[in-house]
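Notes to accompany the following structure.
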Amino acid sequence: MSKFTIPDKVLYVCTGSKCGKRGGKDMYKLAKSYAKHHHGPEEIEIIETECTDRCKYAPVCSIQPGNTWLKEYHAKDVLKLLDLI
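So in my numbering, the last one in the sequence shown is 149, and the numbering has no gaps at all.
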């Protein structure tokens, strides 16, 4: 069996239809860049999800562990939260 890195935190960013149009796609790109330059792969991983079925709250993302969900967010708020958790 090969080893793989298990990150301390994971940010799931919805980029489905409504979330993508309301900033989800931009958030995903920004978070990937942020994680690459400010954190290592063992610290945080950014995962793009197609749909979380919470379209009326778009854009939506989730930070694990802790089961923290953010709705109708601003990108700067998500990045600040990643540093706090």
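Glycine is no exception: its CB is placed at the ideal position from the N, C-alpha and C atoms.
Same chain, Cβ closer than 6 Å to I108, neighbours up to 5 away in sequence not counted = P71, K73 and A99
Could you round the C-beta distance between A95 and I110 to whole angstroms and report it? I think they count as a contact, below 8 Å.
-> 5 Å
The beta strand (DSSP E) with S126 in it runs from where to where?
-> V124 to Q128
With a threshold of 16 other CB atoms inside 10 Å of the CB of L148, please say whether the residue is buried or exposed.
-> exposed
Cutoff 8 Å: M91 Cβ touching any chain B Cβ | Here chain B cannot be found, since the structure has a single protein chain.
Helix, strand or coil at K144 according to DSSP, with G and I counted as helix = helix
Would the beta-carbon of T79 fall within 8 Å of that of E136?
-> no
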